[in-house]
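Numbering-wise, the sequence shown is residues -32 to -1, 1 to 293 according to mature numbering (1 follows the signal peptide of the UniProt record, and there is no 0). Glycine included, C-beta positions come from ideal geometry on N, C-alpha and C.
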Amino acid sequence: MPPVTRRQVLAGAAGFAGALAIPSLAPTAAHAAAPAGFPTYQYLGQPLPANLAYNPTGELIFPCIRGMYDKISGARGRYYLYYAPHDAPGGICLAYGNSLSGPFTEYPANPIISRTWSPHYSVSHVSSPHVVWNASTRQFFMYYHGENTTTRLAISSDGINFTYYGTVLTTAMVPGTSEATYARVFEHRIAALGNKYVMVFMGLKSGRRIFWGWSNDGKSWQFDPNPLVSPAADGQTDLSGPHLLYRNNTTYVVYHGSSGDMFLTEVGNNFDKEIHLGVFHAALSGAPDNNRSAAPSFGTDGGVQYMFYEAGQRSGTKIAVARAV
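And the structure:
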């Protein structure tokens, strides 16, 4: 196991077009068991149609799968899958389906959020959508970036039509960073902070690291200036695409490493640990991963766990889905 470090960051704070071709689900060397009792995930297929109406750059990144069946009436499917191209012009996109094993249908009016939203902003691209259900207001909060220095928030009652709220994170809020992006937000309380939500994101500060912040309403945020997870203990140079996971009565962050695999670190329920546990999910050497898997999003359907993720080398990435075995 790589070296274990403990950090005191709180010091002083008292879830397919058509049927999928499904490979054998027997575990392989490329999918060794994950640490900390997490399941092994094995590639199942690609959830999106092969010929999308909107795919301006030929690369799709950052899936976010969300169940709609228990939140709103009149949804287009039980599940909404948000995703985006990364390179300009980007654009936040939506697909929908009734099962995490497919099929998914492309929303006909993509993108649902574009790089120009007058009078609020005009940027080269918008990307990396992450949607949170705010039960108290019965609204969907979408966090996304554009440019890479800025994370934005838009709010919706139906998960499709959004109203712009504003900027929630910039590099100026985390001193010394030149990127602050790929944010995901989770409901997670830390008693000493009096918060309701936490955000994990990639910050570029002497290399790309995982940073975090906290908020009571999902709109106004405070951020730790120090990295939550750094790459050296994983033998990596850069980290990105973090996601929180809960198991064993504690909290973990799973994230992409520069080698192409996903890694797991326990941060604890108070975000005061940094215990590196090694490879969470190894990228396939062949298609679609081609030695790179990133930006996971997780869901459960009929008691079966699924992981949607970004597969492939940059400029040719696809959205893939794996199933727990």
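Distance, residue j Cα to residue i Cα
i	j	result
ARG44	PHE169	30 Å
THR25	GLY162	42 Å
SER188	VAL136	7 Å
GLY271	MET167	27 Å
MET110	TYR47	16 Å
GLY267	ARG152	15 Å
ASN102	PRO3	31 Å
THR118	GLY225	22 Å
SER(-9)	VAL293	In this prediction, SER(-9) has a pLDDT of 28, which is less than 50 and means its spatial position is unreliable; nothing more can be read from the coordinates.
HIS(-2)	TYR274	Any reading at HIS(-2) must be qualified, since the residue scores a pLDDT of 49, below 50, and its modelled position is unreliable; no value is offered.
ALA200	SER86	42 Å
MET(-32)	TYR89	Unreliable placement is indicated for MET(-32), whose pLDDT of 35 sits below 50; no coordinate value is reported for it.
THR205	LYS164	32 Å
ASN216	HIS156	15 Å
ARG260	GLY70	23 Å
LEU20	ASP240	43 Å
ARG64	TYR75	With the sequence shown as reference, residue 64 is identified as Tyr, and Arg is not the correct amino acid for it. If you take the alpha carbons of TYR64 and TYR75, they lie about 7 Å apart.
LYS39	SER104	12 Å
ASN66	PHE72	8 Å
ARG282	ASP55	10 Å
ASP202	ASN184	32 Å
LEU16	THR145	34 Å
PHE231	LEU212	12 Å
ALA140	ALA160	25 Å
GLY284	TYR50	18 Å
PHE248	PRO7	9 Å
PHE154	ASP126	19 Å
Which listed residue (the options) has its alpha carbon closest to that of residue i
i	options	result
ALA263	GLU242, ASN237, GLY228	GLY228
VAL99	ALA140, SER124, THR73	SER124
TYR220	ASN237, MET230, TYR133	ASN237
ILE128	GLY144, GLY42, VAL222	GLY42
VAL94	ILE243, ILE29, SER261, GLY181	ILE29
TRP147	SER208, LEU20, SER104, ILE81	The sequence shown places Glu at residue 147, not Trp. Cα-wise, what sits closest to GLU147 is SER208.
SER174	ASN184, ALA160, PRO193, ASP185	PRO193
ILE80	THR149, HIS211, GLY203, THR131	THR131
VAL142	GLY65, ARG282, TRP182	TRP182
SER265	THR145, PRO210, THR138	PRO210
TYR112	ALA140, GLY144, PRO31	PRO31
ASP269	LEU68, ILE158, PHE154, PRO195	LEU68
ILE178	TYR223, GLY284, PRO7, SER96	TYR223
Outcome for residue i when other beta-carbon atoms lying within 10 angstroms are tallied against a minimum of 16
i	result
TYR37	exposed
GLN107	buried
TYR9	buried
GLY171	buried
TYR214	exposed
ARG176	buried
GLN190	exposed
ALA18	exposed
THR149	buried
ALA52	buried
GLY58	buried
Cutoff 7 Å; reference residue i; Cβ partners in own chain excluding five residues on either side
i	result
VAL91	ARG83, GLY114, GLU115
TYR133	LEU121, ALA122, ILE123, LYS187
THR233	VAL197, TYR220, VAL221, GLU242, ILE243, HIS244, LEU245
TYR11	PRO(-10), LEU252, ALA288, ALA290
LYS286	GLN14, LEU28, PRO256, ALA279, GLY280
THR138	THR117, THR118, ALA148
THR218	GLU234, GLY236, ASN237
GLY254	none
6 Å Cβ shell around residue i - same chain, five flanking residues per side excluded
i	result
ALA288	GLN14, PRO256, TYR277, ALA279
ASN78	TYR22, CYS61
ARG34	TYR48, VAL99
SER96	PHE30, TYR112, HIS113, TYR150
ASN258	GLY280, GLN281
Cβ-heavy atom distance, residue i to the ligand MG, below 8 Å
i	result
ARG152	The ligand MG is not among the ligands present in this structure, which contains no ligands whatsoever.
Same chain, Cβ closer than 8 Å to residue i, five either side skipped, listed in chain order
i	result
GLY5	ARG215, ASN216
PRO195	GLY171, LYS173, ARG177, ILE178, PHE179
ILE158	LEU(-23), VAL166, TRP182, ASN237, ASN238, PHE239
* Minimum length 3: unbroken beta strand (DSSP E) runs contained in the region 50 to 93 -> 61 to 65, 72 to 74
* **Complete beta strand (DSSP E) runs within the region 211 to 293 (minimum length 3 residues, chain order)** => Counting whole runs of 3 or more residues, the region 211 to 293 contains the beta strand (DSSP E) stretches 218 to 225, 230 to 234, 241 to 249, 261 to 269, 272 to 279, 286 to 292.
* **Every unbroken alpha helix (DSSP H) inside the region 131 to 191 [4 residues or more]** => none
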